[in-house]
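Sequential numbering from 1349 applies to the sequence shown in this note's numbering. Worksheet: one structure, shown below.
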Amino acid sequence: MKITVSKGLRGTITVAPDKSISHRAVMMGSISKGKTVIQNFLMGEDCLSTIACFRQMGIPIEAKDNQITVTGSGLRGLRAPQEMLYTGNSGTTTRLLCGLLAPQNFSCILDGDASIRKRPMNRVIDPLREMGAKLIGTEGDCTPIAIEGTSLKGITYVLPVASAQLKSALILAGLYAEGETTIVEPKPSRNHTELMINGFGGRISAEKNRITVSPAEELFGHAIEVPGDISSAAFFMIAGLIVPNSEITIRNVGLNETRTGIIDVLRSMGGSVHIEKTGSGIEPSGDITVKHSPLHGTEIGGDLVPRLIDELPVLSVAAAFAEGRTVIRDAEELKVKESNRIDAMETELKKAGVDVQSTDDGLIIEGGKPLHSGVFETYGDHRIAMSMTVLALAAEGTSTIKNHQCINISYPDFFRTLDSICT
Ligand code: S3P
């Protein structure tokens, strides 16, 4: 894909539906009684992997445009899959399914692509084993993972990392366990699972950093409308801020506070980011307007990190265009995402002339120098591909984004939407 420096990005868009909420809606709908109709479902490859897994377990799931109807089988109605469950590139599918499948009354095998096979699964397997689960991973507890369904008991578990995937796996297992399951988070991570369990009639409470889920007798399907994904909106927010002569409005974006760290940081860098709240359901949403702004460097660390973990690659692009130094710390989790995002961004930013240095837990970027085009690798990682596209829009010349197809993981319409606002 060739990207030429832009003269301005202007217009009103919607972005890809929220990936985290789409996954969870299919999972919760599948183990609930009755129909769950999901409007504005993300038809990206990751969420299609989740749908395929539940179809293999006997759940009827119909798709029409981007509306999905899941006919749930109730808490105990999943059937043993005849074949291995393939989770593709999706960490959310793999980890949440470990928790959901551990207490079923059948055995199965989970596997994913080459990237998933490298990602740490022991963080999920260890606490599930404490609950009594029988999971056997491959070489250091990676996928393929064999799961022999068995009964579980509730535990209290202090998470060693702030991970919504790990937290959610334990919550889903907790729905089936004997007694309560309590999870203590080191830092607040996205809480879509907690909100959704409440919506489906489960019992879950969250107080400060302690989440307690009670075993459920039955959950009940209902209608869900998925807002736009703030992690996808982030690419257009930053493109609008760094490309001169830009003004972009992004309609109907999810504004759950556990996800809005990107807005806080961009404002602290001097970015013009205006929010108009429109939806106030359990998952708040609204419109975001950004205007080209001179940015300055900032520090990103601590509790902010889980609130913008997926936006850090594109935030490092914003930092490259911001005057002065930006320090990203406490972000070692970036090393175990779809690629090692610290190394990937250091290497690719350097190709464009950015003064950037990786550290053990982040990046230090001296921004504000004019940048030039390049031939950028994506490491098969959708967020690296979109981040480098955003950089290319504001770097002199014409850049090449290699293997850009990985963008289909989370944002199949990314280039169409970008085209619609190019002036
Ligand atoms: C996700 C949680 C985050 C995020 C991922 C989606 C989720 O991962 O990076 O893209 O849907 O729960 P971790 O929970 O592993 O940090």
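Ideal Cβ placement from N, Cα and C applies to all residues, glycine included.
Is residue i near ligand 1, with its Cβ less than 7 Å from a heavy atom?
i       : result
Glu1681 : yes
Ala1512 : yes
Lys1466 : no
Ser1397 : no
Arg1689 : no
Gly1619 : no
Thr1597 : no
His1622 : no
Asp1658 : yes
Arg1607 : no
Arg1551 : no
Gly1439 : yes
Arg1427 : no
Arg1477 : no
His1730 : no
Ala1368 : The sequence given here has Ser at residue 1368, not Ala. True, at least one ligand heavy atom lies under 7 Å from that Cβ.
Ser1516 : yes
DSSP three-state label for residue i, please.
i       : result
His1752 : helix
Glu1566 : coil
His1730 : helix
Asn1600 : strand
His1640 : coil
Gly1392 : coil
Asp1461 : coil
Ile1503 : coil
Val1675 : strand
Ala1373 : helix
Glu1680 : helix
Gln1705 : strand
Phe1454 : coil
Ile1578 : helix
Nearest by alpha-carbon distance to residue i: which of the options is it?
i       : options                            : result
Thr1530 : Gly1549, Gln1513, Leu1518          : Leu1518
Ile1630 : Phe1548, Leu1520, Ile1351          : Phe1548
Ser1421 : Gly1569, Thr1726, Ser1511, Ser1516 : Gly1569
Gln1387 : Gly1377, Asp1394, Glu1393          : Gly1377
Leu1660 : Ser1620, Glu1624, Gly1728, Met1736 : Met1736
Gly1356 : Tyr1434, Arg1427, Ser1594          : Ser1594
Measure the Cβ-Cβ separation of residue i and residue j and say whether it is below 8 Å.
i       : j       : result
Ile1611 : Ile1648 : no
Val1574 : Pro1365 : yes
Lys1491 : Thr1441 : Looking at the sequence provided, one finds Thr at residue 1491 rather than Lys. Not closer than 8 Å, so no.
Ile1769 : Met1349 : no
Ala1521 : Gly1609 : no
Thr1637 : Thr1597 : yes
So what does residue i bridge to, in DSSP terms?
i       : result
Ile1572 : Ile1386
Thr1417 : Val1385, Glu1410
Lys1482 : Glu1496
Leu1433 : Leu1458
Gly1710 : Thr1707
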